[in-house]
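Asker: These protein sequence lines are chains A and B, in that order. Just so you know, the first sequence maps onto residues 1 to 199 in this note's numbering. Just so you know, the second sequence maps onto residues 200 to 398 in this note's numbering.
2 protein chains.
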Amino acid sequence: MSNKIITISREFGSGGKYIGILVAKKLGIPCYDKDIIEKIAEESGFVDDFIRRVSEYAPSKSIFAYSFVGRSASGESIEDRIFAIQKKVIRELADKGPCVIVGRSADYILRNYDTLDVFIYAPMEDKIKRTVNFKGLNEKEAKKLIKDTDKKRSINYKYYTGRTWGERENYTVMLNSTDLGIEKTAEFIAEIYRRETEK
Amino acid sequence: MSNKIITISREFGSGGKYIGILVAKKLGIPCYDKDIIEKIAEESGFVDDFIRRVSEYAPSKSIFAYSFVGRSASGESIEDRIFAIQKKVIRELADKGPCVIVGRSADYILRNYDTLDVFIYAPMEDKIKRTVNFKGLNEKEAKKLIKDTDKKRSINYKYYTGRTWGERENYTVMLNSTDLGIEKTAEFIAEIYRRETEK
Chain A
1 MSNKIITISR EFGSGGKYIG ILVAKKLGIP CYDKDIIEKI AEESGFVDDF
51 IRRVSEYAPS KSIFAYSFVG RSASGESIED RIFAIQKKVI RELADKGPCV
101 IVGRSADYIL RNYDTLDVFI YAPMEDKIKR TVNFKGLNEK EAKKLIKDTD
151 KKRSINYKYY TGRTWGEREN YTVMLNSTDL GIEKTAEFIA EIYRRETEK
Chain B
200 MSNKIITISR EFGSGGKYIG ILVAKKLGIP CYDKDIIEKI AEESGFVDDF
250 IRRVSEYAPS KSIFAYSFVG RSASGESIED RIFAIQKKVI RELADKGPCV
300 IVGRSADYIL RNYDTLDVFI YAPMEDKIKR TVNFKGLNEK EAKKLIKDTD
350 KKRSINYKYY TGRTWGEREN YTVMLNSTDL GIEKTAEFIA EIYRRETEK
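1) Take every Cβ of the segment 320-338 of chain B, pair it with every Cβ of the segment 226-240 of chain B, and state whether three or more of those distances are shorter than 8 angstroms.
2) With 16 other CB atoms within 10 Å as the buried threshold, where does F12(A) fall?
3) Give me, in chain order, the residues of the same chain whose beta-carbon lies closer than 8 angstroms to that of G214(B); leave out the 5 immediate sequence neighbours on both sides.
4) Helix, strand or coil for F387(B) per DSSP?
5) Is R352(B) buried or exposed, if buried means 16 or more other CB atoms sit within 10 Å of its CB?
6) Let me make sure I understand the geometry here. Which of I5(A), S9(A) and K4(A) has the alpha-carbon closest to that of T164(A)?
7) Please report how far the alpha carbon of V288(B) lies from the alpha carbon of V173(A), in whole angstroms.
8) Which of the three DSSP states is assigned to N311(B) in this structure?
9) Helix, strand or coil for S14(A)? Go by DSSP, reduced to three states.
10) In whole angstroms, give me the CA-to-CA distance for E397(B) and K224(B).
11) Using DSSP's beta-bridge definition, name the partner residues of M373(B).
12) State the Cα-Cα distance for the pair I78(A) and V132(A), rounded to the nearest angstrom.
13) Could you please tell me which residues of the segment 117-132 of chain A, in chain order, have their CB closer than 7 angstroms to any CB of chain B?
14) Going by other Cβ atoms of all chains shown within 10 Å of its Cβ, with 16 needed for buried, is R303(B) buried or exposed?
15) Give the secondary structure of T7(A) by DSSP, where H, G and I count as helix, E and B as strand, and everything else as coil.
16) Taking I192(A) as the query, report the chain B residues whose CB atoms sit under 9 angstroms from its CB, ordered along the chain.
17) Would G244(B) be called buried (16 or more neighbouring beta carbons within 10 Å of its own) or exposed?
18) Report buried or exposed for D95(A), applying the criterion of at least 16 other Cβ atoms within 10 angstroms of its Cβ.
19) What's the call for R168(A), buried or exposed, on a 16-neighbour Cβ count within 10 Å?
20) How long is the line joining the alpha carbons of I19(A) and E241(B), rounded to whole angstroms?
21) Using the C-alpha atoms, what's the distance from V299(B) back to F282(B)?
22) In chain A, what lies closer than 8 angstroms to G365(B) by C-beta?
23) Can you tell which of P98(A), I109(A), G97(A) and V102(A) has the C-alpha that lies nearest to the C-alpha of I200(A)?
24) Against R431(B), what residues of chain A qualify as contacts under a CB-to-CB distance less than 7 angstroms, listed in chain order?
25) Counting only beta-carbon separations shorter than 8 angstroms, does T371(B) have a partner in chain A?
26) Quick one: using the 10 Å Cβ neighbour count with 16 as the cut-off for buried, is N156(A) buried or exposed?
27) First and last residue of the alpha helix (DSSP H) that includes I300(B)?
28) Listing by chain order, which chain A residues have their CB less than 7 angstroms from the CB of G374(B)?
29) Restricting to Cα atoms, I'd like to know which of T314(B), T360(B), R310(B) and D325(B) is closest to I391(B).
30) What's the C-alpha gap between K4(A) and E196(A)?
31) Near C31(A), what residues of its chain come up, given a Cβ to Cβ distance below 6 angstroms and the 5 sequence neighbours on each side ignored?
32) Can you give me the start and stop residues for the alpha helix (DSSP H) that R81(A) sits inside?
33) Relative to the alpha-carbon of V102(A), which residue among A190(A), F188(A), K17(A) and I189(A) has its alpha-carbon at the smallest distance?
34) Of the choices K342(B), N311(B) and A389(B), whose alpha-carbon is the least far from that of I327(B)?
35) Who pairs with Y32(A) in a beta bridge, going by DSSP?
Structural data, given as structure tokens:
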């Protein structure tokens with residue numbers, strides 16, 4: 001049987017990243033998020049000096065920050081090169097063994113793999129609360145960050161996948177992390193995974 | 200504790216109605232769908248002679264067929280009266296005890312109740328297959344029926360609830376019945392319900 005991969009897409013502030021970590025822990029498999037994938041990309045040597053030099057100017061010093069800037073209508077842009085690297089890293093991780101991958105359009109990148117594609121969402125007021133708590137922002141700043149981040153995710157996803165971010169047809173299951181609670185949401189994903197891999 | 204109600208909204212052909220029946224069976228609670236709610240409405244005496252007379256002209260002879268015809272911009276139309284009856288019946292059923300309610304905008308009608316709001320969806324090709332099997336139509340006819348029915352549901356839902364049908368924020372969980380399979384989808388809903396009511 002091929003490795004079964006869980007991909008988690010999520011609204012900013014919905015707790016999706018933490019849910020990914022919990023699911024992986026319950027199943028005893030690794031969880032990869034943006035930071036880890038970026039680190040692997042850098043260590044692998046896929047990231048060349050050109051990308052590294054340009055990244056120096058990114059506000060977060062993250063190579064993935066460039067997924068979010070404007071694009072040229074034709075020709076390979078810096079973003080295209082970074083997406084290609086990200087794709088290579090994600091597929092190599094998926095080939096290595098079962099795992100959880102949070103974000104990074106992994107549902108699309110692994111569309112020919114055996115995946116359980118999850119989308120996590122929550123009401124705006126709860127996303128704001130969570131963002132205020134974890135990022136030390138006020139409510140207005142938190143709301144802006146949530147909206148901006150998800151808008152960027154949505155544009156980026158559309159550009160590279162042709163799909164609509166958050167559209168149900170792309171996912172196996174979509175869960176409201178507030179209604180269910182973070183812990184139970186993670187438990188359900190793990191439970192679905194266990195039964196799917198029992199087949 | 201108040202009665203916990205499961206509402207199931209579903210794309211036509213996704214198996215949502217059958218899933219509702221399976222969930223109810225697993226939990227030992229009743230399942231109410233359009234036909235049952237209509238029957239209760241008629242027996243209750245909510246349906247007066249006027250509605251009955253107009254219904255005679257509905258293609259399906261169903262009072263709910265009128266949810267789908269054009270509406271006047273102001274004043275109480277026949278559809279408004281029927282929606283009001285439906286609301287009354289659904290709330291009475293919810294007050295009686297835990298149950299599963301399929302369709303009929305029950306997620307909105309019971310928005311102040313303790314509900315588990317589920318949305319079932321599936322890829323178009325699978326909905327077509329299911330509709331061809333169960334309705335004895337050819338593929339083209341099936342596809343048209345699926346699209347028309349969901350379009351009507353969507354318009355009707357928007358009109359009476361102000362919400363967007365199928366929009367994730369209205370539901371606790373959204374499940375792809377093809378990816379998970381009908382039986383497992385039902386089992387997951389039952390499992391979520393069991394844990395939620397354990398609280």
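C-beta: ideal position from N, C-alpha, C; glycine also.
Answerer: Walking through what the data contain:
1) no
2) buried
3) I319, A321, R329, S376, I381 and T384
4) It is helical.
5) buried
6) S9(A)
7) 31 angstroms
8) coil
9) coil
10) Straight-line Cα distance between these residues: approximately 19 angstroms.
11) M174(A) and F318(B)
12) Each residue's Cα considered, the two are about 33 angstroms apart.
13) Y121 and P123
14) buried
15) strand
16) L379, K383 and F387
17) exposed
18) exposed
19) buried
20) Using only the alpha carbons, I get a separation of about 47 angstroms.
21) 19 angstroms
22) R168
23) Here chain A comprises residues numbered 1 to 199, so residue 200(A) is not present and cannot be evaluated.
24) It is not possible to answer for residue 431(B), since the shown part of chain B is limited to 200 through 398.
25) yes
26) Counting every other CB atom within 10 Å of its CB across the protein chains shown gives N156(A) a total of 16 or more, marking it as buried.
27) Element bounds for I300(B): not the alpha helix (DSSP H) but the beta strand (DSSP E), C298 to V301.
28) For clarity, residue 374(B) is Leu in the given sequence; the question names Gly instead. Chain A residues near L374(B): V173.
29) T314(B)
30) A straight line joining the alpha-carbon of K4(A) with that of E196(A) spans about 9 angstroms.
31) G20, I21, A24 and V100
32) I78 to K96
33) K17(A)
34) Scanning K342(B), N311(B) and A389(B) for the CA closest to the CA of I327(B) turns up K342(B).
35) Y32(A) is bridged to I101(A).
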